[in-house]
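**Q** Numbering follows the numbering used here, with no gaps: position 69 of the sequence shown is 70.
For every residue, glycine included, the Cβ atom is placed at its ideal position computed from N, Cα and C.
Remember, predicted model here, so these are calculated numbers, not experimental data.
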Amino acid sequence: MTLFRISEAAELLGVSPDTVRRWVDAGRLTAARDEHGHRVIEGVDLAAFARTQASEHDERSDISSARNRLRGIVTAVAKDTVMAQVDIQAGPFRVVSLMSREAVDELDLQVGSVAVAVIKSTTVVVERSTPTAANKGRTSS
2 MTLFRISEAA ELLGVSPDTV RRWVDAGRLT AARDEHGHRV IEGVDLAAFA RTQASEHDER
62 SDISSARNRL RGIVTAVAKD TVMAQVDIQA GPFRVVSLMS REAVDELDLQ VGSVAVAVIK
122 STTVVVERST PTAANKGRTS S
């Protein structure tokens, strides 16, 4: 099974380690102690918690078939006469959208605006993350 330290779980959930500690202390998220006394969370438990958190914050799931929503801040807008490129920073993720200039103007997208990137695709490439020395899920036998 894969085990995550509090800081690793926090990074995956997009919150601070203190927030994860509070969730553990409040009993919302289950953690155990490893052989060094560090609190660890089983990957299965973390995945279930993440799924619950996502469903609590998916306010449009009942009115749209798109399920991939990334809320962030607009960091760049480049417009020409017909098209525009909008960059959104959603947590650690940069999302780039190409759209009509008219759409950018109608939505009044500007640097500093809050926007939601809604992604609906028939092709999604999934890669397995390669753990680094500083940030990896631990496996337990």
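Write down every uninterrupted run of the alpha helix (DSSP H) in the stretch 4-68 whose length is 4 residues or greater and which is fully enclosed by it, in chain order.
**A** Runs found: 7-14, 18-26 and 44-58.
**Q** What residues match up with A79 in a beta bridge as DSSP calls it?
**A** Translated into positions along the sequence shown, residue 79 becomes position 78. The partner list for A79 (beta bridge, DSSP) reads Q86.
**Q** Just confirm the distance between the C-beta atoms of I89 and A55, as a whole number of angstroms; I'd bet it's less than 8 Å.
**A** If you number the sequence shown from 1, residue 89 lands on position 88. If you number the sequence shown from 1, residue 55 lands on position 54. Going by Cβ atoms, the distance from I89 to A55 rounds to 18 Å, so no, they are not a contact pair.
**Q** Quick one, which of A27, L47 and H39 has its alpha-carbon nearest A11's?
**A** For the purposes of this step, residue 11 is identified with residue 10 of the sequence shown, where counting begins at 1. Selected option, being the one with the closest Cα: L47.
**Q** Can you give me the C-alpha to C-alpha distance between E43 and T76, rounded to a whole angstrom?
**A** Against the sequence shown, residue 43 aligns to sequence position 42. Against the sequence shown, residue 76 aligns to sequence position 75. Using only the alpha carbons, I get a separation of about 35 Å.
**Q** If V83 sits next to S98, beta carbons under 8 Å apart, how far is it from one beta carbon to the other, in whole angstroms?
**A** Residue numbering aside, residue 83 sits at position 82 when the sequence shown is read from its first letter. Residue numbering aside, residue 98 sits at position 97 when the sequence shown is read from its first letter. Actually they are not in contact, since the Cβ atoms of V83 and S98 sit about 15 Å apart, beyond 8 Å.
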